[in-house]
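Chains as they are written, first to last, in the numbering used here: chain A, 1 to 473; chain B, 474 to 723.
By construction, the Cβ of each residue, glycine as well, lies at the ideal position given by its N, Cα and C atoms.
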Amino acid sequence: MVGKMSVEELQLINENYEEKFGFNVEDKPLIKLDKGLNEETVKKISEIKNEPEWMRTARLSALKIFFKKPMPTWGGDMKSIDFDNVTYFLKSSAQSEDSWDKVPEEIKKTFEKLGIPEAERKFLAGSGAQFESESVYHMIHADLAKQGVIFCDMDTAMKEHPELVREYFGKIVPAGDNKFAALNTACWSGGSFIYVPKGVKVKTPLQAYFRINSKNMGQFERTLIIADEGSEVVYFEGCSSPTYSSDSLHAAVVELVAKPNARIRYVTIQNWSNNVYNLVTKRAFAYENATVEWIDMNAGSKLTMKYPSVYLKGEHAKADILSVAFASKGQHQDTGGKVIHLAPNTSSRIISKSISKNGGRSSYRGLVRVAKGAKNVKSTVKCDALMLDKDSRSDTYPTMQIDEKDATIAHEAKVGKIGEEQLFYLMSRGLSESEASAMIVLGFIAEFTKELPMEYAIELNKLIRLEMEGSVC
Amino acid sequence: MNTLTEQKKVLRIENLSASTNEKKILEGLSLEVKPGEIHALMGPNGSGKSTLSYVIAGHPKYKVETGRIFFGEKELLTLSPAERSKEGIFLAFQYPMEVAGLSLSQFLFASLKARNQNLSPVEYSKELKTALAKIGKDASFASRHLNVGFSGGEKKRAEILQLLMLKPQLAILDETDSGLDVDALQVVADAINSLRSPEFSALVITHYPKMLELLKPDVVHIIANGKIVLSGSPELIKKVENEGYGWLEK
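#1: Flag M684(B) as yes if its beta-carbon sits less than 8 Å from any beta-carbon of chain A, otherwise no.
#2: Cα separation between S347(A) and H341(A)?
#3: Which chain B residues sit within Cβ distance under 7 Å of L431(A)?
#4: Can you tell me which residues form a DSSP beta bridge with R365(A)?
#5: Taking buried to mean at least 16 other C-beta atoms within 10 Å of its own C-beta, is Y568(B) buried or exposed?
#6: Expressed to the nearest angstrom, what Euclidean distance is found between the alpha-carbon atoms of F21(A) and E120(A)?
#7: Does the pairing of the stretch 499-517 of chain B with the stretch 667-682 of chain B give three or more beta-carbon distances under 8 Å?
#8: Within this structure, are the beta carbons of V42(A) and L63(A) separated by less than 8 Å?
#9: Using the Cα positions of S432(A) and G419(A), report the straight-line distance between them to the nearest angstrom.
#10: Mind checking which residues open and close the alpha helix (DSSP H) that includes L709(B)?
#11: Give the list of continuous alpha helix (DSSP H) stretches no shorter than 4 residues that lie fully inside the stretch 574-658 of chain B.
#12: Which whole-angstrom value is the C-beta distance of A488(A) and V173(A), which I expect to be below 8 Å?
#13: Excluding sequence positions up to five away, which residues of its chain have a Cβ less than 6 Å from the Cβ of F385(A)?
#14: Reducing DSSP to helix, strand and coil, say where K179(A) ends up.
#15: In its own chain, which residues sit with a C-beta less than 7 Å from the C-beta of T478(B), not counting the 5 before and 5 after it?
#16: Can you check DSSP and say which residues form a bridge with R349(A)?
#17: What residue does the alpha helix (DSSP H) around G443(A) start on, and which one ends it?
#18: So, for T380(A): in the same chain, excluding its five sequence neighbours on each side, which residues have a beta-carbon less than 6 Å away from its beta-carbon?
#19: Measuring only between beta-carbons, confirm whether I440(A) sits less than 8 Å from chain B.
#20: With DSSP as the reference, label L489(B) as helix, strand or coil.
#21: Could you name the residues of the stretch 622-638 of chain B whose beta carbon sits closer than 7 Å to any beta carbon of chain A, in the order they occur along the chain?
#22: Use the C-beta contact count for P72(A): other C-beta atoms within 10 angstroms, 16 or more gives buried, fewer gives exposed.
#23: Beta-carbon separation of L499(B) and A491(B) under 8 Å?
#24: Please classify L460(A): does DSSP put it in a helix, a strand, or coil?
#25: Name the DSSP beta bridge partners of S127(A), please?
#26: Pick helix, strand or coil for V202(A), following the three-state DSSP scheme.
#27: Of the residues K113(A), G366(A), S428(A) and G176(A), which one's Cα is nearest the Cα of F66(A)?
#28: Contact defined as beta carbons within less than 8 Å: I believe I351(A) pairs with E451(A). What is the distance between those atoms, to the nearest angstrom?
#29: Near K405(A), which residues of its chain fall below 6 Å by C-beta distance, leaving aside the five closest residues on each side in sequence?
#30: Taking a cut of 8 Å between CB atoms, which residues from the stretch 146-171 of chain A lie near chain B?
#31: Mind checking which residues open and close the alpha helix (DSSP H) that includes Q270(A)?
#32: Please identify, using Cβ separations under 9 Å, the residues of the stretch 566-579 of chain B that lie next to chain A, in order along the chain.
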């Protein structure tokens, strides 16, 4: 058993991405806007959604910011992103359903193939599924709904809980934060909305799965989670897409608010196909004594740039960021985390684990900032990189801005290789070379897998097994 | 799994020459270890003791230039390290490797399965408990990550735990006794002695006579410059103890 599963279980699964995730279904859109982005595109999206004026205005001003901001010159190579060759809105289903039976057949088939309804039956308190631009399915257990927990897609939230959305939308990640946050604010569609009332503890996870199906698609979901005082919630998100020779774009924004004594755990297993640019802004505000945990796994995409962040705004607030990256051939995972200590007695931990193979590149990029007045701060940053061959690359770009002398900051970075000696040791006990490599890799990320429910750990381990095939050194 | 232990296998090394990084280390070494016997291998530093153990286990770093190694009917040199393990060969490493995130218990369970020694989880935990008791450790030891943060002595005990669980037919112990205190030495020796059977053999590489007093080997070999220069009774141990290896030069 490795993590929560055995190497034998790994061995049993021999599918590749193409079969398991890389399929597509026939594109039968109800509404598909022409490719390219201009004011008309944004106005149309707003019109289709029948939005109030404030949101339409927010979109249009964000679009101006997007056009004005230059492309980032750091991070990964984004030169080949062609914003004119992207579909910015594609609606495939009339509405978000609360029963899989009502979801259009082809779309339902997609999610069945991905095991979503099954996962939902097994271990979820609520589940959502987004296909292209909009949610096609959303469900929450009745007992949670009764306690006042809201879990729906963002479009529904705009209609049913406009006051909550308006209060927080763009307050954690403003449109002007970066070019892709502006793009998302202008074109956003779908995403999850969660509100957990005071003192309510949601013990079983809520989950949303995001699927891109067509070519040259742009997916811009917007997620907002508000955990009211003393509440708790665990949210999982997964994603995948068909493999096409031309690129797709995924630029999401996620905003979290953890009020005093609240606790949010946000888990991502990103598994886009290798033609997707994944440029995501994730940020949380944590108030007094609140805890925010980002558990962020990036295995797919062509380029991912994502640095989940926590602003520690109240005393004794805590941030815990675990970032795991798996970079294979043709992939660049530029990931990490950011913590901004704005209040005294706050603490944070960032752990980054990256694996590079077959010429893949992973970079850790992180920031720890301790603002003036934030006394007695504790922060630990630990970056471990594992390289499986000579062609792969790993870099770390840590930044520290410490404005209080009494802060306790620890930083540790290690780069390792799967050594011949280590492999031989395991093989001398009867394990094949690929079993031995998989055990070393799974051991390397055990800190991550132990945080996952069994079903996710199995999925993840299948993924690693898949990645390890034919890559033994 | 008992198909493994039912047949008796002889280890036969014929005229073995091996090198690493263009440097010749073994030069025409021949050796035979019969089932049921414990053989000691002694020799000065750099004489090729560890190289021999690695070559038997199949370390890719060593290039075999001439010679053959048989274990029973099987010729080992064409087999991968994993296949050699499945043939019943076990090497207790002088410097066991660390693997973070992988517990000793998980590793053992996976190894047993890979070697087709299928145990139910209940049988497994029972056997593990017994083996742990033999090395003077409890269950918490097996839940620690493989060799990570282990003291020198704990690493050696972990090797012996693996030996006890995997039940090989041939155990090669590469200086398992080095760095052990008297109590730990006794634990290791007791464990090996408990495996003594007509089917089991061991090749014990050591610098120290103490270990051999406890193990009472049947045959002692002296290795120098990459070959066996002398084989004989345990009397040889005393000679080495009293005179070192200087007399080999004459």
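The relevant details are as follows:
#1: Working through the second sequence from its first residue, we reach residue 684(B) at position 211. It does not: the Cβ of M684(B) has no partner Cβ on chain A nearer than 8 Å.
#2: Counted from its first residue, the first sequence places residue 347(A) at position 347. Counted from its first residue, the first sequence places residue 341(A) at position 341. Rounded to whole angstroms, the gap between the alpha carbons of S347(A) and H341(A) is 8 Å.
#3: Numbered from 1 along the first sequence, position 431 holds the residue referred to as residue 431(A). Residues of chain B whose Cβ lies closer than 7 Å to the Cβ of L431(A) are, in chain order, A555, A583, S584 and A587.
#4: Position 365 of the first sequence, counted from the first residue, corresponds to residue 365(A). R365(A) is bridged to G336(A) and Y397(A).
#5: As a first step, residue 568(B) is located in the second sequence; it is residue number 95 there, counting from the start. It is exposed - the Cβ of Y568(B) has fewer than 16 other Cβ atoms within 10 Å.
#6: In the first sequence, the residue the question calls residue 21(A) occupies position 21. In the first sequence, the residue the question calls residue 120(A) occupies position 120. Distance between F21(A) and E120(A), taken at the CA atoms: about 18 Å.
#7: Verdict: yes, contact present.
#8: Taking the first sequence and counting its residues from 1, the one referred to as residue 42(A) is at position 42. Taking the first sequence and counting its residues from 1, the one referred to as residue 63(A) is at position 63. In this structure, V42(A) lies near L63(A), with their beta-carbon atoms less than 8 Å apart.
#9: For this step, residue 432(A) is matched to residue 432 along the first sequence. For this step, residue 419(A) is matched to residue 419 along the first sequence. Their backbone Cα atoms lie some 15 Å apart in a straight line.
#10: Numbered from its first residue, the second sequence carries residue 709(B) at position 236. For L709(B), the enclosing alpha helix (DSSP H) has its first and last residue at E708 to E716.
#11: If we require 4 residues or more, the alpha helix (DSSP H) runs fully inside the stretch 574-658 of chain B come out as 577-587, 594-607, 612-615 and 625-639.
#12: Any property of residue 488(A) remains undetermined from this structure, which presents chain A solely from 1 to 473.
#13: Here residue 385(A) corresponds to residue number 385 of the first sequence, with the count starting at 1. Checking the sequence, you will find Ala at residue 385(A) rather than Phe. Here the set comprises S354, S394 and V415.
#14: Here residue 179(A) refers to the residue found at position 179 of the first sequence. Helix at K179(A).
#15: Mapped onto the second sequence, residue 478(B) falls at position 5. Because the pLDDT at T478(B) is just 45, under 50, the model does not fix this residue reliably, and the value given afterwards should be weighed accordingly. The answer, listed in chain order, is K640, Q642 and E672.
#16: What you label residue 349(A) is simply residue 349 of the first sequence in a count that begins at 1. Beta-bridge pairing links R349(A) to D320(A) and T380(A).
#17: Residue mapping note: residue 443(A) aligns to position 443 of the first sequence, counting from 1. Membership of G443(A) in the alpha helix (DSSP H) is indicated by the continuous run E433 to F444.
#18: As a working note, residue 380(A) is residue 380 in the first sequence. Apart from the 5 residues on each side of it in sequence, T380(A) sits with its Cβ closer than 6 Å to the Cβ of R349 and A410 in its chain, given in chain order.
#19: In the first sequence, the residue the question calls residue 440(A) occupies position 440. It does; some Cβ of chain B falls within 8 Å.
#20: Numbered from its first residue, the second sequence carries residue 489(B) at position 16. Correct three-state label for L489(B): strand.
#21: Result list: Q635.
#22: Taking the first sequence and counting its residues from 1, one reaches residue 72(A) at position 72. Exposed.
#23: As a working mapping, residue 499(B) is identified with position 26 in the second sequence. As a working mapping, residue 491(B) is identified with position 18 in the second sequence. Yes. Within cutoff.
#24: Looking up residue 460(A) in the first sequence gives position 460. Annotated three-state conformation of L460(A) is helix, per DSSP.
#25: Stepping through the first sequence from its first residue, residue 127(A) is reached at position 127. According to DSSP, S127(A) bridges with M139(A) and Q207(A).
#26: Position 202 of the first sequence, counted from the first residue, corresponds to residue 202(A). Coil, per DSSP.
#27: Sequence index remark: in the first sequence, residue 66(A) carries index 66 (1-based). Out of K113(A), G366(A), S428(A) and G176(A), G176(A) has the C-alpha closest to the C-alpha of F66(A).
#28: Along the first sequence, read from residue 1 onward, the residue named residue 351(A) stands at position 351. Along the first sequence, read from residue 1 onward, the residue named residue 451(A) stands at position 451. Between the beta-carbon of I351(A) and that of E451(A) there is about 11 Å, and that puts the pair past the 8 Å contact cut.
#29: Within the first sequence, residue 405(A) is the residue found at index 405, counting from 1. Spatial neighbours of K405(A) in its own chain (CB-CB distance under 6 Å, excluding positions within 5 residues in sequence) are not present.
#30: For the stretch 146-171 of chain A, which is checked against every Cβ of chain B, not one residue is closer than 8 Å.
#31: Start at 1 with the first residue of the first sequence, and residue 270(A) comes out as number 270. Not the alpha helix (DSSP H): Q270(A) falls in the beta strand (DSSP E), residues R263 to Q270.
#32: Residues passing the 9 Å Cβ filter: F566, Y568, P569, M570, E571, V572, A573, G574, L575, S576, S578 and Q579.
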